[in-house]
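Chains as they are written, first to last, in my numbering: chain A, 1 to 523; chain B, 1 to 345; chain C, 1 to 287; chain D, 1 to 281; chain E, 1 to 323.
Just so you know, even glycine gets a beta-carbon here, dropped at the ideal spot from N, CA and C.
Heads up: the structure comes next, in structure tokens.
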Ligand SMILES: Nc1ncnc2c1ncn2[C@@H]1O[C@H](COP(=O)(O)OP(=O)(O)OP(=O)(O)O)[C@@H](O)[C@H]1O
Ligand SMILES: Nc1ncnc2c1ncn2[C@@H]1O[C@H](COP(=O)(O)OP(=O)(O)OP(=O)(O)O)[C@@H](O)[C@H]1O
Ligand SMILES: [Mg+2]
Ligand SMILES: [Mg+2]
């Protein structure tokens, strides 16, 4: 309150500490923040960069301690993030401001809270879309974060060896489940996929990071699966009915079995939800919170009862919870003498997914065998090969050691690949984005006009051209254009315009000291 | 080996060795010629620092990096070692010529057993089994008076004398035709010294090797060597049969040396030669002994004398060698030398 | 003291190696001092061509003698400015390493017994610390700056020097000349520093050259892992920048100059060490 | 002045890794076994004996380089071990030793000037000019002239005799009151040997130094020593004035020793029992 | 001697205990929070609380420490915060991989370094020696990842002699057992990283050996050895090198420390799933159990290694006495 009082006297805007990524390893993130800082300095702001090692302690400062004035937020895309709630409501709802929760900037707006709550209760996509659009407009005006750009990733594939018939243009490119299922080896040998990320675990209760779940999706089925366009598609569920805002009834697909031959039953479905909830599976805890109970209506039907209306339930919960074989897990704690199922090695892995895990050699390779009897009809066996660096993935692709690269190629070397024979480049627009997230608990940044002005002081085009090599696009809202259904394309993009920014500031009562430093409005 | 009858065992001619030093090359050996016949024992005496060890190392072909053989021939059994290839030189070492080094106390490798170091020399030149080499090693140690079981000890467990004996044993390991001994018994008591020389002589009678003995102990030379060579400042100043040389030296330096010997039964103090050796980086133009010689003529300071035969089998390097009979009585008087001692240098 | 330093230079200034090394070190030192002043461009500023386009990965030209980086920065300027941290980190770490390592080695080896036991177990503890991870931890704990980096690196580098020196001292201490010094009434310190220390100088010099190289490269790799001070441009960070941009073998003008600079610097130290060998190892002296 | 009582030194066999191997019992080398003697100020006691009989060890015990297994030594009535523990520097100013092995006893890193001057430095003399002067003086005394040509040399550039003289110079530069001279002239030629021997004797007389003169060289014993002690297998078997011991040796070992002295008289003929040459065939 | 062994062993235990304690508190002092490194939409205080409970992080620090010590006694390293897999299981395979690459290559580097260093000292001043030592210095001052990348570019991509990385050809060994380590394919994969690492690590032993050799060469016993007519090789290796080896031998245990910690780069470049990488990851993810265990493992290895090295020194130099 002292500073607030001082600021009221027309004091200089305090120095802004920009929490950002370590320069060497996350060069383009760091450079982006550098560009932004340069732009902001033109407004008379004092901006210093505070790069921190990633993930720790950067993530701590970002998510737990909220120890930043502005953070260079990079939220990578993942299919689940097509669910509009995360980018619009969860991140900005004042209820989520506690340390560790997703509203890291402690942004508070009654309007956002109200709209956020409203869309959660709307299961009807069209209805909900309207509210989401409105939310985006509020956010564009409030500017709790300045959205800079989304990236376009370029992947490469060896056309002599593999093909993806009917390629779906998803935000994940060839990495999306839909395209992986279609990956076809021309020789019949397993498709060799190169990437740099290793698997952490194959135990769905223990896994915590998205990358682990992406692989788990290949071996475990869920009730619904997120479609290429971001809408839910029936998967293990045959059909789904929202009876009322707190009741969802799912009819199961018949005749499907686990990889050990046992059929997938309603019992397994109920077991999976109950089990993950009972054992506090960390990743699912939030999504299962609003689940009151799961009942078996008949061997083909399961009824989910929620504690309150929760529209993301379909994608976030049904679309993510893996259906576990009850006969494997039910007594695993007792049988193996472990303290909790999280400790279970889960090998050999029994799942009902389109692929069977043949073996996993840590840090090296994951061998997946397609299940010809799976309803998704996977085309080929897969061999996921882990490399130490992105450059080696590219080199291996050129050499013919791998068939597809799941590692985005950096823009500067894309041309090299384009010239290569048999190499086809695949571009995919990410559904994640980079933004400057303000900590609105800081008195100066609580000022909306300042945030609006700052949005006009970011050299967007220069960042996209210089730092991101042109392989990026702009978005006026946190829901980026690739998420077409939810994205509100009518909102105008803020332009890089220092004069306009200054005009906004002047109108709001800001002034500049003799040294050019920006001063808070005097009340 | 080569036929050795036609050649003397070792023949050195015109040898010059210099050490590189910061102040320029030091001529440690100059115009040195020497011969040792088969079965002969030659004593080499001379002041400390006159180049005896240098000569021996030159013969062995093992010299420090800054040493250089500037001129001369070292022929072993007729073959020049200086010009010979490394392989030949190596084959001559130890099997042909062995050496008891002056630094016996440091010459044993501290991390290897004494016995192994001897056996190694044997196995380097003879095709024998390890056990056989060890047997011989133990026999050799016994011969020099070291208990054979101590062959398993490491050098630091030996006393000074024991180490020296070990080196002597090593030198005899291969029955070489020539043994160079650089003050082989300095660390030994007289009893052992005596035993060793007796054994050496006994062995010599049987094996017929030659011995080049460097020592400061004239008595040892007298007892063991038929011939003696006297060295001064890198040069041979006198050679000849031991008894003759000791009885009737033909070089003032030898005369001085003789004076320095303690006279048995007499309590007279021996007379030392005053002064010190010349600076070898800048040797005097004339006789190298001139500055310390009570009989030096002006000629001696400008003209280096040559090694000339003064009698059958005897050579001396002195301008006044012919007058020596007249000078010898003078040399026996302390005041002859004292005059020099007091003279300004 | 000054005479010792003078003697050092006089002694090293012989033969081809000493002067070469000293001259190179002199140049590096001059760069470290003057670098920022003579750098033609701001090392982190982006350069644009006449058309206002970013001068990305420009190969060497008259404007940019060593070309530009991915973000259009002038490599030459980075090289000039990068000399100081490289020399500072390398030099200080090498100095610290040798000072601590040599002293601990000398003391442990000379005194033996409990002191040795204690110091060597301490050394064991440090030996047990993995190099890079430990430095990362220290940096995370204390914040990132060149000073803490130097301290952290010194902490994990002295140990090898200490052990090597101690081993050498163990055998030196048994030499008769040490006994000879002892009976002149020399204090333990005098024996350690005047009699034994000169004999371990060659090893100490190897440690210097080695620590220098490691420090410079480690400084860079720490930066690469995200634990360095990103505002510092150093020779190491230039190489890593190129690596992270996947330009290792695509933009030679970017990678080769810092690589060569590090190599030349380390070699220079080694050259001086080599020349100094002759001073401290009298047997090597000829003519 | 010097009073040695029952000095004993046993070396345990080295406890290396190998001692863990079976069949390697604990062996003890009895280097010195109950040695007692006394030396007055200005007196030189000759210690003669077989190689390995413990002479050097005795010397090393006296100067405090080894700790005795038992026994004691007193200097002017004070226990030397206690004196050394109290003030090492002062003790060593009084007690010096010339080492037997001039090849190992010189630090290869140092020049002759360092080697000879260091004792003064270690004794706390700070005046470099004074040190330099003393160094020159003692070098001249031991016959290393001109001093300039030796000052800058390193040990490996010296001949054996030159090294030995450096060792002597180093020991006498401190003007000790008690000097152990372990074979000080073994590598010197006769002419310089007598100079040195005389120097040692003169020092003993003039400065009242008590000296233990260890040697094999019975020829010099007469010239230097006042009394003689004969050592055999760690024990002193006979002591007495030099002439007496030389003329009428009581111990059989002493007799053997004296009989073994070679003669420098070319005309003398010695009759000795033949020695059996063993083992070689 | 037996007394020495006992005492030494006891000291080793103390050292390790001190290390373990240091590790524990060092990691807890680090900024950051293991639960915060989970980035996902599920990020959520209650989930993090659940995680803290799951890992016992909610208990008082001292209690955690006692538990940690007790678990150490039974070799229980706990579960990874990151993957919830037993730390032991995560580490063992990685450690094996690292050791299989680094130990032989360090060993080779030492052997080669010692031999070349000895020869370099022997032939001091010759053009060959200067070139050799210069090359070694240069190799060592080049960043390792750069050398590795160049090697891959040249030998794997251009010449196609070696694979680009990994320990075996992916897909070739579906069985998960030790047999793959015995295959020619494994050796083929090992060759290039082995070579690069060996060349890179060569410099230190080489320079050290050369330097200690130089002080040995002038010794009198070397002179005598030559006089004995031994071959130069025998004099060089049997006598000179034998004596110069001591300082080098004492650095042997450091190999283990370097092996694991210094291997981060080589593992990254050659996609070699080793411990170094895992460790750096664990630190940056605040995955204490994994980092602690890895640190401790290295500590045990090196502390034991120094012990062996000390004994080895006794073998090399009989003058060293264990009292
Ligand atoms: N490596 C060297 N460098 C320079 N000078 C040396 C070297 N070695 C010996 N000298 C000098 O060469 C001269 C001859 O030395 P050498 O060792 O041959 O003498 P020596 O006759 O064996 O003497 P001593 O009887 O004392 O052993 C001496 O003046 C010595 O100082
Ligand atoms: N450090 C040691 N460890 C074990 N034994 C030793 C040690 N030093 C000496 N000895 C032994 O003690 C005995 C006496 O040795 P010392 O050196 O005193 O003999 P010395 O009378 O001086 O003989 P020399 O005249 O040959 O020098 C010898 O048997 C020797 O092997
Ligand atoms: Mg000599
Ligand atoms: Mg002795």
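Classification of residue i by the beta-carbon crowding that lies within 10 angstroms, buried from 16 upward
i, result
"residue 128 of chain A", "buried"
"residue 305 of chain E", "buried"
"residue 160 of chain C", "buried"
"residue 233 of chain A", "exposed"
"residue 83 of chain A", "buried"
"residue 157 of chain D", "buried"
"residue 233 of chain C", "buried"
"residue 14 of chain B", "exposed"
Residue i: first and last residue of the uninterrupted alpha helix (DSSP H) it sits in
i, result
"residue 11 of chain E", "2 to 29"
"residue 278 of chain B", "No alpha helix (DSSP H) contains residue 278 of chain B, which DSSP labels as neither H nor E."
"residue 303 of chain E", "288 to 316"
"residue 267 of chain A", "266 to 278"
"residue 247 of chain B", "242 to 247"
"residue 76 of chain A", "Neither: residue 76 of chain A is in no alpha helix (DSSP H) and is coded neither H nor E."
"residue 155 of chain E", "Counting along the chain, residue 155 of chain E falls outside any alpha helix (DSSP H), and DSSP gives it neither H nor E."
Close-in-space but distant-in-sequence residues of the same chain around residue i (CB under 8 Å, 5 per side omitted)
i, result
"residue 332 of chain A", "338, 341 and 344"
"residue 71 of chain E", "77 and 78"
Residue i beta carbon near ligand 3 (any heavy atom closer than 7 Å)
i, result
"residue 164 of chain B", "no"
Simplified DSSP state of residue i, which is helix, strand or coil
i, result
"residue 10 of chain D", "strand"
"residue 115 of chain C", "helix"
"residue 74 of chain D", "strand"
"residue 51 of chain B", "coil"
"residue 243 of chain A", "strand"
"residue 19 of chain B", "strand"
"residue 50 of chain A", "strand"
"residue 338 of chain A", "coil"
Same chain, Cβ closer than 6 Å to residue i, neighbours up to 5 away in sequence not counted
i, result
"residue 50 of chain B", "231, 232 and 233"
For residue i, the first and last residue of its enclosing beta strand (DSSP E)
i, result
"residue 384 of chain A", "382 to 386"
Residue i: CB within 7 Å of a non-hydrogen atom of ligand 2
i, result
"residue 99 of chain D", "no"
"residue 103 of chain B", "no"
Other residues of its chain near residue i: CB distance less than 7 Å, five sequence neighbours each side excluded
i, result
"residue 61 of chain D", "7, 9, 32 and 68"
Closer than 7 Å: residue i CB and nearest ligand 4 heavy atom
i, result
"residue 182 of chain D", "yes"
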